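Residue numbers (the numbering used here): 2 to 258.
Think of the CB as a built atom: it goes at the ideal place given N, C-alpha and C, for glycine as much as any other residue.
Predicted, not measured: the structure shown is a model, and the values here were computed from it.
Below you'll find the structure, written out as structure tokens, and then a few comments.
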Ligand code: PGA
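Put into structure tokens, the structure is as follows:
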């Protein structure tokens, strides 16, 4: 059974001081329940204060939004996996569509980041997804499997145990137009079949595949009612305690319901 997984991507929101108060509130609002894994991914500058605010006993884990693939060196403005691990990060987002479209990240970069994350003891959450034009042109499946093939090339099934995939259609991110549960489930099945064909059935069955793109307290229950959808990568709706807690509760009810 795959543990339901909810990830909050804060993007470029909240200062370190704002983050500390927010997380204290969030910890009170989200019940401590091991059947759902919760991760928050603040900006780099807030990682330390969020870690402190969560405290050692929290079941909310820490993730970063990006990393560089090199360990150290002359890469002005970059942050390494070793630095993130040292700050208490467990997860790191790789290849988010905003990185790809706004900052020119390529599939090859995602591959190097996934490898470096694993090397540094971090669990990468690899984001894939098609644009509206690509969907309209009927290229969703080939685009998504192409992104997977490039980013996961030469990984072993052992490596894949530590990787999560987030299917995030670009047209759904920040637009208020989430994919329907059926649209998401269809792509999730394609992703799982790609993993089964490239590695093996057992690895595919264990792989957690999240949906992201305008997940809200209103649509979370429907999306999470689909067994192919193992959780959500939440942007806008994770910035308010109440909406993120409602999504976490929907995940919790899914398991116990
Ligand atoms: P959104 O963002 O929930 O605001 O659409 C999701 C994401 O970019 O991860």
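Is it true that the CB of residue 95 sits closer than 8 Å to the CB of residue 42?
The residue you call residue 42 lines up with position 41 of the chain shown. The residue you call residue 95 lines up with position 94 of the chain shown. No, the pair does not count as a contact, with Cβ atoms beyond the cut-off.
For residue 246, which residues in the same chain have their Cβ closer than 8 Å to its Cβ, ignoring the five residues on either side in sequence?
Residue numbering aside, residue 246 sits at position 245 when the chain shown is read from its first letter. Once the five neighbours on either side are set aside, the close Cβ partners of residue 246 are 27, 30, 31.
Can you give the Cα-Cα distance for residue 188 and residue 243, rounded to whole angstroms?
Counted from its first residue, the chain shown places residue 188 at position 187. Counted from its first residue, the chain shown places residue 243 at position 242. Between the alpha carbons of residue 188 and residue 243 lies a gap of roughly 29 Å.
In this structure, does DSSP put residue 220 in helix, strand or coil?
To locate residue 220, count along the chain shown from 1; it is residue 219. Residue 220: coil per DSSP, three-state reduction.
From residue 229 to residue 197, what does the alpha carbon distance come to, in whole angstroms?
Taking the first residue of the chain shown as position 1, residue 229 is located at position 228. Taking the first residue of the chain shown as position 1, residue 197 is located at position 196. Near 14 Å, if we compare the C-alpha coordinates of residue 197 and residue 229.
Taking DSSP as the reference, what is the three-state secondary structure of residue 235?
Within the chain shown, numbered from 1, the residue matching residue 235 stands at position 234. Correct three-state label for residue 235: strand.
DSSP three-state assignment for residue 124, whether helix, strand or coil:
Residue numbering aside, residue 124 sits at position 123 when the chain shown is read from its first letter. Of the three classes helix, strand and coil, the one that applies to residue 124 here is strand, per DSSP.
Provide the residue(s) that pair with residue 5 in DSSP beta bridges, ordered along the chain.
Within the chain shown, numbered from 1, the residue matching residue 5 stands at position 4. Answer by DSSP bridge pairing, in chain order: 37.
Could you pull the DSSP bridge partners for residue 225 from this structure?
Here residue 225 refers to the residue found at position 224 when the chain shown is read from its first residue. The bridge partners DSSP lists for residue 225 come to none.
Is residue 60 a contact residue of the ligand PGA, with contact defined as CB to any heavy atom under 7 Å?
By one-based count along the chain shown, residue 60 stands at place 59. For the ligand PGA, not one heavy atom lies less than 7 Å from the Cβ of residue 60.
Please state the DSSP three-state secondary structure of residue 159.
As a working mapping, residue 159 is identified with position 158 in the chain shown. In the three-state reduction of the DSSP assignment, residue 159 falls in the helix class.
Quick one, are the C-beta atoms of residue 225 and residue 251 less than 8 Å apart?
On the chain shown, residue 225 is found 224 positions in, with the first residue counted as 1. On the chain shown, residue 251 is found 250 positions in, with the first residue counted as 1. Result yes, Cβ atoms of residue 225 and residue 251 sit closer than 8 Å.
Just to confirm the assignment, what range does the beta strand (DSSP E) spanning residue 55 have?
Here residue 55 is taken as the residue at index 54 of the chain shown, counted from 1. Residue range 48-55 is occupied by the alpha helix (DSSP H) that includes residue 55, with no beta strand (DSSP E) assigned at that position.
Got a sec, what are the start and stop residues for the beta strand (DSSP E) residue 144 sits in?
Mapped onto the chain shown, residue 144 falls at position 143. From DSSP, residue 144 is part of no beta strand (DSSP E) but of the alpha helix (DSSP H) over 141-153.
Identified DSSP bridge partners for residue 178
Position 177 of the chain shown, counting from 1, holds the residue named residue 178. According to DSSP, residue 178 shares a beta bridge with no other residue.
I need the DSSP call for residue 129, collapsed to helix, strand or coil.
In the chain shown, the residue the question calls residue 129 occupies position 128. The answer is strand: DSSP assigns residue 129 an E or B state.
With a CB to CB cut of under 6 Å and the five nearest residues on each side skipped, what residues in its chain are close to residue 20?
What you label residue 20 is simply residue 19 of the chain shown in a count that begins at 1. Residues 43, 47, 50, 51 of the same chain have their beta carbon placed closer than 6 Å to that of residue 20, with the five preceding and five following residues left out of the count.
Is it true that the segment 73-82 meets the segment 99-108, where meeting means three or more beta-carbon pairs spaced less than 8 Å apart?
Here the segment 73-82 makes no contact with the segment 99-108; the two share fewer than three CB pairs at distances below 8 Å.
Is any non-hydrogen atom of the ligand PGA found closer than 7 Å to the C-beta of residue 10, if you look at the structure I gave you?
Counted from its first residue, the chain shown places residue 10 at position 9. Correct: residue 10 has its Cβ closer than 7 Å to the ligand PGA.
In angstroms, rounded to a whole number, what distance separates the CA positions of residue 220 and residue 121?
Here residue 220 is taken as the residue at index 219 of the chain shown, counted from 1. Here residue 121 is taken as the residue at index 120 of the chain shown, counted from 1. If you take the alpha carbons of residue 220 and residue 121, they lie about 35 Å apart.
In angstroms, rounded to a whole number, what distance separates the CA positions of residue 174 and residue 133?
The count along the chain shown starts at 1 and reaches residue 174 at position 173. The count along the chain shown starts at 1 and reaches residue 133 at position 132. So the two alpha carbons sit approximately 11 Å from each other.
Note down, in chain order, each residue of its chain lying with its Cβ closer than 8 Å to the Cβ of residue 201, except the 5 sequence neighbours on either side.
Here residue 201 corresponds to residue number 200 of the chain shown, with the count starting at 1. Shown here for residue 201: same chain residues with a beta carbon closer than 8 Å to its own, the five before and five after excluded, namely 158 in chain order.
Regarding residue 169 and the ligand PGA, is the C-beta to nearest heavy atom distance less than 7 Å?
What you label residue 169 is simply residue 168 of the chain shown in a count that begins at 1. Checking every heavy atom of the ligand PGA against the Cβ of residue 169, one is found closer than 7 Å.
Mind checking which residues open and close the alpha helix (DSSP H) that includes residue 62?
Residue 62 sits at position 61 when you count from the first residue of the chain shown. Residue 62 -> not in any alpha helix (DSSP H); beta strand (DSSP E) instead, spanning 61-65.
Return the chain-ordered list of same chain residues with a C-beta closer than 7 Å to the C-beta of residue 6, the five sequence neighbours on each side being excluded.
Counted from its first residue, the chain shown places residue 6 at position 5. Around residue 6: 38, 165, 209, 211, 231, 232.
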